[in-house]
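Residue numbers (UniProt numbering): 1 to 367.
What follows is a set of notes on a single structure, which appears directly below.
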């Protein structure tokens with residue numbers, strides 16, 4: 001995927017069996033409970049080691065620093081989500097030339113040995129501005145979408161990686177995660193306490209969707225003109241990207257059971273009410289249908305009403321057996337656009353709903 005997972009640069013990138021069992025989180029499990037539990041516990045070390053060392057071979061996006069005290073004071077993700085209104089005075093106007101300085105420009109003011117006060121006051125706004133600088137975009141909502149997808153990819157990668165390799169999750173409570181908005185993976189997130197949780201689909205959804213991506217979306221939408229369907233499309237796209245990387249690695253390293261657990265978990269997570277209908281499954285034979293209108297996001301027609309969250313009538317739109325979700329010949333395309341095409345020189349991502357970058361309308365102001 002085009003720049004889908006390059007978080008360090010500020011850019012990202014069918015049911016089976018018992019239909020009657022419902023998880024505590026309220027979404028159906030497509031596998032019989034004994035089979036799902038077997039997939040999650042066979043050949044696993046259920047003890048999370050303090051350093052989460054099993055994630056190291058997977059690389060940066062999957063790594064999570066663990067330390068009771070990070071090397072310097074950092075805000076928590078709970079702090080980042082807590083102030084959705086923000087402070088407009090800290091958002092630089094689109095015409096401010098400082099927006100177009102590179103992120104490492106020596107003329108930027110810095111504090112010695114610590115993060116700037118601005119990062120501690122409003123870490124989310126600081127991250128969005130940093131991404132805007134890296135992308136050289138005057139549109140803060142575009143940077144907000146890219147920043148959202150980057151953080152979603154980090155959280156999904158850690159959670160899925162632990163679920164597949166340990167059979168349990170670390171508690172990723174936002175109050176336990178310290179965040180450096182100025183850093184890239186793996187130095188952006190520090191978990192101050194490793195507390196194990198079960199790795200079933202309901203707990204995964206509660207850990208990532210409920211505890212993080214829901215409040216993150218609320219905070220970003222309070223500041224920027226972003227449709228709900230766009231943000232949940234980001235969440236689904238980030239989930240698939242993390243799962244594909246993990247599934248591919250498991251195949252290359254002979255970890256067949258880890259690959260199967262990954263596939264089983266993503267099949268259930270994509271049925272979650274917040275994610276279902278965000279993607280369509282198509283054979284990997286070409287570009288999306290030119291006539292398809294993306295749901296709940298930017299469209300070539302600025303007068304088209306924003307439909308918000310994905311349409312529940314399209315919940316079976318994937319039309320694929322679970323075994324095909326991560327297969328090499330399958331493309332899972334979004335029903336929304338992350339807005340990366342609006343970045344200067346940007347194109348469409350590999351899973352974009354658009355076959356080519358649409359023309360932006362001057363009647364559709366951003367930022």
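Idealized CB from N, CA, C, for every residue including glycine.
For residue 141, the enclosing alpha helix (DSSP H) starts and ends at 140–165. Around residue 145, the same chain offers 226, 230, 234, 338, 339 as residues with beta carbons nearer than 7 Å, after the five sequence neighbours per side are excluded.
Counting the other CB atoms within 10 Å of its CB gives residue 254 a total below 16, which places it among the exposed residues. Beta-bridge annotation (DSSP): residue 237 is not paired with any residue.
Using a 10 angstroms sphere on the CB of residue 203, the tally of other CB atoms reaches 16 or more, which defines it as buried. Residue 64 places its beta carbon less than 8 Å from that of residue 186. With respect to the 8 Å criterion, residue 131 and residue 147 are classified as neighbours on the basis of their beta carbons. Note that the region 132–141 touches the region 342–359; at least 3 beta-carbon pairs, one per stretch, sit closer than 8 Å. C-alpha of residue 71 to C-alpha of residue 218: approximately 30 Å in a straight line. In terms of CA proximity to residue 223, 82 leads the group 48, 193, 82, 262. When DSSP states are grouped into helix, strand and coil, residue 121 belongs to the helix group.
With fewer than 16 neighbouring CB atoms inside 10 Å of its own CB, residue 67 falls in the exposed class.
Boundaries of the alpha helix (DSSP H) around residue 201: 201–205. Burial state of residue 256 is exposed, judged by a 10 Å Cβ sphere holding fewer than 16 other Cβ atoms. In chain order, 58, 61, 62, 242, 245, 246 place their CB closer than 8 Å to the CB of residue 157, counting only its own chain and leaving out the 5 sequence neighbours on each side. For the 8 Å CB-CB criterion, residue 322 and residue 263 form a contact.
DSSP lists 281 as the beta-bridge partner residues of residue 332.
A residue is called buried when at least 16 other Cβ atoms come within 10 angstroms of its Cβ; residue 207 meets this threshold and is buried.
The C-beta distance from residue 77 to residue 177 rounds to 5 Å, short enough to fall under 8 Å. Boundaries of the beta strand (DSSP E) harbouring residue 170: 168–170, taken from the DSSP string.
Taken in chain order, the complete beta strand (DSSP E) segments of 3 or more residues contained in the region 172–233 are 177–179, 189–191, 196–198. Of 166, 127, 358, 120, the smallest CA-CA separation from residue 56 is found for 166.
By the neighbour-count definition (other C-beta atoms within 10 Å, threshold 16), residue 53 is an exposed residue. Residue 137 carries a coil assignment under DSSP once its states are collapsed to helix, strand and coil. The alpha carbon of residue 237 has as its nearest neighbour, out of 356, 336, 73, 127, the alpha carbon of 336. Ranked by how close their Cα comes to the Cα of residue 160, the residues 75, 124, 209, 179 have 209 in first place.
The Cβ neighbour count for residue 267, taken over all protein chains shown within 10 Å, is at least 16; the residue is labelled buried.
Less than 8 Å separates the beta-carbon of residue 205 from that of residue 272.
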